[in-house]
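Using my numbering, the letters of the sequence shown correspond one by one to residues 146 to 490. Glycine included, C-beta positions come from ideal geometry on N, C-alpha and C. Remember, predicted model here, so these are calculated numbers, not experimental data. Below is one structure, written out as structure tokens, with a few remarks after it.
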Amino acid sequence: MPARRTSSQRQTAFDVVDGVREPWRTRARRLVVLAALTVLTVLGAVDVTVTVAEWLRPSTSTSGVADEVLDGVAEGVAVDYLSWDAWERGRREQVLRRWALPGREVDGWDGHGRQSADSATVLGRVRQGDEQAVVTVRARVVPYAPDEDPESSEQAPTQSPSEQSGSSSPTAGSGIPAAEPAPTDLPGWRAYPARWLVVAVPLAEHDGRLLLTAPPALVGEPGTAAPDSTPPGQAVSDDRFTRDTRAAVQSFMDAFATGDLDFVRASRARIASLEGAATLVELRQWRGMQASPGAPPDQRMGVATVVWRVAENAGQLTCTYRLSLHRQDDRWLLAGIDIDTGKAP
Numbered sequence: 146m147p148a149r150r151t152s153s154q155r156q157t158a159f160d161v162v163d164g165v166r167e168p169w170r171t172r173a174r175r176l177v178v179l180a181a182l183t184v185l186t187v188l189g190a191v192d193v194t195v196t197v198a199e200w201l202r203p204s205t206s207t208s209g210v211a212d213e214v215l216d217g218v219a220e221g222v223a224v225d226y227l228s229w230d231a232w233e234r235g236r237r238e239q240v241l242r243r244w245a246l247p248g249r250e251v252d253g254w255d256g257h258g259r260q261s262a263d264s265a266t267v268l269g270r271v272r273q274g275d276e277q278a279v280v281t282v283r284a285r286v287v288p289y290a291p292d293e294d295p296e297s298s299e300q301a302p303t304q305s306p307s308e309q310s311g312s313s314s315p316t317a318g319s320g321i322p323a324a325e326p327a328p329t330d331l332p333g334w335r336a337y338p339a340r341w342l343v344v345a346v347p348l349a350e351h352d353g354r355l356l357l358t359a360p361p362a363l364v365g366e367p368g369t370a371a372p373d374s375t376p377p378g379q380a381v382s383d384d385r386f387t388r389d390t391r392a393a394v395q396s397f398m399d400a401f402a403t404g405d406l407d408f409v410r411a412s413r414a415r416i417a418s419l420e421g422a423a424t425l426v427e428l429r430q431w432r433g434m435q436a437s438p439g440a441p442p443d444q445r446m447g448v449a450t451v452v453w454r455v456a457e458n459a460g461q462l463t464c465t466y467r468l469s470l471h472r473q474d475d476r477w478l479l480a481g482i483d484i485d486t487g488k489a490p
């Protein structure tokens, strides 16, 4: 029986076997494999250590509400805000009250006409601190006009659509068209082809919920920026400036609706228009502000409240904007426009 080898007599990976030494290529290959395994082991340990450290490290994010949450709420608000029915006004009031901060009035609709909205998509967002933001949303809308054909109309619970609105019908080419065809007409209404509207939604966190701080407002695409200067509540009104610039502001808002901004826009100003999505009915209120401390006297701010007619008689919306005006060549020109976000909760 052959003698058993002791531990000191066992072969190693590089022992001479039967008098023949292993080729150097084999030994080099083994060294490479061992080195690779060592590197992978070290890297794996480092990766695990980093992962565990990330788990244990407290979050340093100060972003507040997540973007996904902001977007989801803003899309829901946009669909509800751009949908209305003159025969079901109470339903809209109830829905919008759920979205609003306590005590805030956020409905700018005039109570006439009919419109449905869907397919809301967020185009962008601008944060104001950790818990406030303005989210720009595009939605597809279908406008309706009162059906003047007496044979196709049914008795309404209150007033007929033709009594609640004017007699003209929506302009087929107003706004940015959508490919969806007009839906089947409802009794008393005539549907028109779908189109796209863009709305800015001001939101703030309150008691664990995201709520509207002010009524949403129609904006151009990709939208307006959130205001970053002195809030209107802290600014001082300038009555003379307000009177002197009211006519100019009305022309600014009309150009903002149609897109004809070339002759009213300040140099280097970038303003996205409504592209004909709405028609200016009236400049309801204009309040010009005194120059901010340290600001040049030829740069002013103001707040304008306007009434838009959406697709002719599909309805009207009252929207409030903050305007930046610059004086150039003895003329006041529009340098910027954004929505009024109201007071923080």
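With 16 other Cβ atoms within 10 Å as the buried cut-off, status of residue i
| i | result |
| --- | --- |
| D389 | exposed |
| F397 | buried |
| G164 | Residue placement at G164 is poorly supported in this model, since its pLDDT is 48, which falls under 50; the coordinates still yield a value, given next. G164 comes out exposed. |
| F386 | buried |
| S469 | buried |
| V496 | Residue 496 is absent from the model: the chain starts at 146 and stops at 490. |
| D475 | exposed |
| A336 | buried |
| A402 | buried |
| T512 | Absent from the model: residue 512. The displayed extent of the chain is 146 to 490, so no value can be given. |
| R340 | buried |
| Q567 | It is not possible to answer for residue 567, since the shown part of the chain is limited to 146 through 490. |
| A180 | exposed |
| G353 | exposed |
| R236 | exposed |
| L182 | exposed |
| P442 | exposed |
| V178 | exposed |
| A265 | buried |
| L176 | exposed |
| T205 | Only weak support is given to the placement of T205: the predicted model assigns it a pLDDT of 39, under 50, and the value that follows is read from those uncertain coordinates. The residue is exposed, with fewer than 16 neighbouring Cβ atoms inside 10 Å. |
| D405 | exposed |
| G460 | buried |
| D483 | buried |
| G481 | buried |
| R413 | exposed |
| R511 | A query on residue 511 cannot be resolved here, the shown segment of the chain reaching from 146 to 490 and no further. |
| L174 | According to the sequence as given, residue 174 is Arg; it is not Leu. Exposed, since its Cβ has fewer than 16 Cβ neighbours within 10 Å. |
Simplified DSSP state of residue i, which is helix, strand or coil
| i | result |
| --- | --- |
| D230 | strand |
| D225 | helix |
| S418 | coil |
| L406 | coil |
| V214 | helix |
| A345 | strand |
| V240 | helix |
| T450 | strand |
| A436 | coil |
| R175 | helix |
| A262 | strand |
| A459 | helix |
| R391 | helix |
| R467 | strand |
| D485 | coil |
| T385 | The amino acid at residue 385 is misidentified as Thr; the sequence shows Arg. The answer is helix: DSSP assigns R385 an H, G or I state. |
| A362 | strand |
| P220 | With the sequence shown as reference, residue 220 is identified as Glu, and Pro is not the correct amino acid for it. Correct three-state label for E220: helix. |
| R413 | coil |
Beta-carbon contacts of residue i that lie in its chain and below 8 Å, excluding the five residues immediately before and after
| i | result |
| --- | --- |
| L268 | T281, V282, R283, V343, E366, P367 and G368 |
| W334 | R259, Y289, A290, P291, D292 and P306 |
Cβ-Cβ separation, residue j to residue i (assumed contact under 8 Å), whole Å
| i | j | result |
| --- | --- | --- |
| A231 | G274 | With a Cβ gap of about 38 Å, A231 and G274 do not count as contacting. |
| E276 | V346 | Contact flag wrong, Cβ pair sits at about 15 Å. |
| L363 | A423 | 6 Å |
| P361 | Y226 | 5 Å |
| N458 | P247 | About 34 Å; that fails the 8 Å criterion. |
| H351 | P490 | 4 Å |
Own chain residues within Cβ distance below 7 Å of residue i, not counting five before or after
| i | result |
| --- | --- |
| A278 | L215, R270, V271, R272 and L348 |
| D399 | L425 |
| R445 | F386, G433, M434, A436 and L470 |
| S228 | Q260, S261 and A262 |
| L462 | G253, W254, L363, W453 and V455 |
| R410 | I416, L478 and L479 |
| D383 | G433, M434 and Q435 |
Cut-off 6 Å between Cβ atoms - residues of its own chain near residue i, not counting five sequence neighbours on either side
| i | result |
| --- | --- |
| V381 | Q435 |
| V240 | D225 |
| L355 | V218 and L348 |
| V251 | L241, A245, L357 and P360 |
| Q395 | L428 |
| W477 | T390, A393 and L470 |
| R249 | none |
Practice item. Could you tell me whether the region 449 to 459 touches the region 416 to 434, using the rule of 3 or more Cβ pairs below 8 Å? Key: Yes: at least three Cβ pairs fall under 8 Å.
- [ ] State whether the region 219 to 226 contacts the region 406 to 419, with contact taken as three or more CB pairs (one from each stretch) at a distance under 8 Å.
- [x] The region 219 to 226 is not in contact with the region 406 to 419.
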